[in-house]
Structure formats: structure tokens, C-alpha cells
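Taking it in order: structure first as C-alpha cells, then the write-up.
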Amino acid sequence: MIVVTGGAGFIGANFVLDWIAAAGTPVVNVDKLTYAGNPANLAPLKGDARYVFAHGDINDRGLVAGLLQRHQPYAIVHFAAESHVDRSIHGPGEFVQTNVVGTFSLLEEARAYWNTLAEPAKGRFRFLHVSTDEVYGSLGSNDPAFSETTAYAPNSPYAASKAGSDHLVRAYHHTYGLPTITTNCSNNYGPLQFPEKLIPLIILNALNGKPLPVYGDGKNVRDWLYVGDHCAGIRAALAQGRLGETYNIGGNSEKTNLEVVHAVCAILDELHPAGAPHAKLITFVKDRPGHDRRYAIDAAKIKRELGWEPRERFESGLRKTVEWYLAHGEWVRGVTSGAYRQWIASNYAAR
Ligand code: NAD
Ligand code: DAU
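Numbers in our numbering are just positions in the sequence shown, counted from 1, shifted up by 681.
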């Protein structure tokens, strides 16, 4: 049995589905079901005794303590977070509350539970913290990619709150010996991603004939990784990662935002020719404040130590992703409700 936090979100849900398919062992998912948490993401597990859902906040210490005592997991995989940079600019408070205070609360309960365990369960226990490459700040075009020893320099409230959570995890290992592992991953894409993020937003706007908003000059670079590869990297780190270590996970796939948007449009021109050429909808809009110019991940450590590397190529992963959104109209209708439309209006109206 493992406990996952934030398993109703994009990466968490992909992880839970892949875990049950690959490992077949039970998962308890603690999720607050914010706007980003969607029980429909886990609909394939309805009636499956290996999946237990606990609706709640990681800040609810009583809830978390009770779940750990009842289910006696051998690992906690911590995804729960506020994850969208633009939302952190509009309202940073929730980011501190969940990403920093929530991670602290979870670490406290994990430590208390771990202290109740006897060997061999105590030695086997793991706290795996899922984090981001954004903690390292921004690269210039000729800078080497982020490695695990790159100094932290977070630039957005989101990145700062994730950096704070990483430091707490590090301290709980160093001070209390809690068996932690942290992964810092680059931009994910794939099925089930909430359409506030670049790739699904562009797919859905293009399908609806709406402008495709590109921030600034569109030359910011991200290192794209297919979500299934990220989930495999987390499983490898959980199984064989060294305690107290951090592992960078990336896609070896640096692209400018304009390249990404054009690639989505080209796939849609082929699969949905009615709106072609979709690239005519590209609209340059006011930049994100403090917008990091470039992220790139050096994933040599996880390859060397754990044998993990990305399997999906960006071109094939992006095509699968576009096909998924085309085939899941009901899911899309479910998440693009009134609250979604409100967010789109508040983020884009003044740009
Ligand atoms: P997401 O926003 O899609 O999902 C977050 C989930 O956490 C939702 O289900 C939400 O309901 C839940 N949640 C939020 N606050 C909670 C709380 N207080 N208690 C319990 N549950 C809560 O996020 P995602 O894109 O799936 O990211 C998951 C994790 O991976 C995050 O920690 C994020 O920082 C990290 N990460 C994301 C990316 C990416 O490209 N999306 C890349 C690297 C790392
Ligand atoms: O690098 C990992 C991070 O990737 C994760 O930690 C975050 O949780 C995840 O949201 C993501 O952050 P980004 O800010 O890079 O992702 P986003 O999809 O919001 O934006 C990707 C790039 O596209 C970024 O340079 C901003 C740009 N962009 C985004 C949106 C939503 C646009 O040009 N237009 C848009 O409308």
C-alpha cells in the first residue's frame, strides 16, 4: 500500500493509473479536489478495491495521521500542490498554504508515523517529494542545463513555494533521518492536463477558433517531458533512489513556446482540417511578469544511478496528446466550466 497526495490532478492521476497497471498494489489518494483535482481522471478505477479515495487537505493533520495509521503504507508520494505559475502571480497565498505549510504538515505526520514503525517496515519506508525544475530559476541560452547541484534561485511565487517545500524535505532527512527522496522535473504534457497550461490551452482554443495566446516574444524555452515518462522516473526513484538525494528528471526536448504552438497547429491541421491553418490564430500577448527565459534539465544522474531515461519523443507524445483531447470531449466539457471561464477571463482579458 502507498499513499499518494494530489492524485486527482494531472500527474498524480497518471501516476495512480500507471501504478495500479504496473505494480498492481493498492493506492490511497488524499486530495482536496481544488479546481485542478478531478475525480473523473480516476474513473477507470471505479469499483477497483486497489484504489481508495480520501477527500481532504494535506493540512488536515488528523485526517493524514488517521490514514497513515489505518493503511500502514510503505511510501508516501507527494504530488499535492498549487501548480500554475500565472495563478501564483494573481494570488500567492494558496501556494504558500499548500506547497509550504501543507508539505510541512505532511512531513510532520510522516515523521510521527515513521517513528511508530518497527524494522523492517521502518527501513523500507520512503517519503518521495515531487518537485519542479523551476526552483533553479532561469537559464541564458548558452548556460549548461540544471543539475542537482545548481543553486536554487526561484523567481515566481510558485517556484519559491516549491523551493521552500524542497528545503523542508531536505531538512527532515538531515535532522530527523526521515527517508526522503526528491525529484525535480521539467514541463510535463499528456492526457488529463488541466487546460490552463500551455499545451492543452492551445489545443482547445485552436479547436474552438479562439486566439492562441503566446506570452512576450514566444522564445521562452521549456524542456518537455511526456507525463508517462515522468511517472516511470518517480517509480524508479521510489524503488532504487538513494535516501536524502535529489534526482532531476527531464525530456531532453528543449523547445521555444512558438515551436510548441506551431507543432500543435500542424497536428490539428491534419486531424481537424476544418479550422486549418490553425496557426493563423496565434496572437502575441503581454508577457508573464518575471517570465523565466529558459529551463533545461541535465538528467544524467537518474540515468546513471537508476537507469531511467525518457522513452517518448516529443513529436509522438504531442500527437498522442492532441488525439487524446480530440477523443475526450466529455472530459473537456467537464473541466471547462464556469470557474474555468472565469480564470481565462481574469488571466487574459487585460493582456
Ligand atoms: P495539478 O494542479 O494538476 O494537480 C494538483 C492536485 O493537488 C489536484 O488534484 C489538487 O486537488 C490537489 N491539491 C491541491 N492542494 C491540495 C491540498 N492542500 N491538499 C490535498 N490536495 C491538494 O498539478 P500537476 O501538474 O499534476 O503537478 C503535480 C505535482 O508535480 C506538483 O507538486 C507540481 O509542483 C509538480 N510538477 C509539475 C510539473 C508539470 O509540468 N505539471 C512539472 C514538474 C513538477
Ligand atoms: O517546469 C516545470 C513547471 O512547468 C511545473 O513546475 C509547473 O507546475 C507547470 O505549470 C509548468 O510551468 P510553466 O509556467 O512552464 O507552464 P505553462 O504551461 O504555464 O507555460 C509554459 C510556457 O508557455 C511558459 O513559458 C509560459 C508560456 N505560455 C503559457 C500560457 C498558459 C504562453 O505563452 N501562453 C499561455 O497562455
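We put the beta carbon where it would ideally sit given N, CA and C, even for glycine.
It should be emphasised that the depicted structure is a prediction, and the values quoted were computed from it without experimental measurement.
- The Cβ-Cβ distance between T861 and Y853 falls below 8 Å.
- DSSP places R903 in the uninterrupted beta strand (DSSP E) bounded by 902-904.
- Looking at the DSSP output, D712 sits in a beta bridge with H736.
- Ligand 1 has no heavy atom closer than 7 Å to the beta-carbon of C946.
- Annotation: the segment 829-876 contains the following complete segments of the beta strand (DSSP E) (minimum length 3 residues), in chain order: 861-866.
- Proximity to A918 across V758, H736, H953 peaks at V758, based on C-alpha coordinates.
- When DSSP states are grouped into helix, strand and coil, H759 belongs to the strand group.
- With respect to the C-alpha of P725, the residue from W1024, S1018, Y839, W1012 having the closest C-alpha is W1012.
- The beta carbons of V966 and Y896 sit closer together than 8 Å.
- By the Cβ rule, the segment 966-978 counts as touching the segment 926-934, because three or more pairs are nearer than 8 Å.
- If you check the C-beta of G909 against ligand 1, you find no heavy atom less than 7 Å away.
- Measuring C-alpha to C-alpha distances from L879 to each of L809, A947, V711, L939 identifies L939 as the nearest.
- For the pair A841 and P954, the Cα-to-Cα distance works out to about 42 Å.
- Taking 7 Å as the cut-off, the C-beta of F875 counts as close to a heavy atom of ligand 1.
- In the displayed model, S822 falls within coil according to three-state DSSP, outside both helix and strand.
- Taken in chain order, the complete beta strand (DSSP E) segments of 3 or more residues contained in the segment 905-938 are 927-930, 935-937.
- Cβ-Cβ distances below 8 Å link Y1021 to Y716, P876, E877 in the same chain, with the five nearest sequence neighbours on each side left out; the list follows chain order.
- The count of Cβ pairs closer than 8 Å, one atom from the segment 883-890 and one from the segment 819-830, stays below three, leaving the stretches out of contact.
- At least one heavy atom of ligand 1 lies less than 7 Å from the C-beta of E763.
- With respect to the 8 Å criterion, F760 and I683 are not classified as neighbours on the basis of their beta carbons.
- Annotated as proximal: N710 and G688, with beta-carbon spacing under 8 Å.
- Y839 and V782 do not touch by the CB rule: their CB atoms are close to 15 Å apart, not below 8 Å.
- Residue state for L798 is assigned as coil, using DSSP reduced to three classes.
- The DSSP-derived three-state label of T1002 is helix.
- Of the residues L888, R903, R994, the one whose Cα lies closest to the Cα of D814 is R903.
- According to the DSSP assignment, R992 belongs to no beta strand (DSSP E), since it is labelled neither H nor E.
- The beta-bridge partner set that DSSP reports for S812 consists of N865.
- Burial state of H736 is exposed, judged by a 10 Å Cβ sphere holding fewer than 16 other Cβ atoms.
- Following the DSSP letters along the chain, one finds I983 inside the alpha helix (DSSP H) bounded by residues 981-987.
- Of the other Cβ atoms in all chains shown, fewer than 16 fall within 10 Å of the Cβ of G728; this residue is therefore exposed.
- Exclusion of the five residues before and after D699 leaves C912 as the residues of its chain whose Cβ lies within less than 6 Å of its Cβ.
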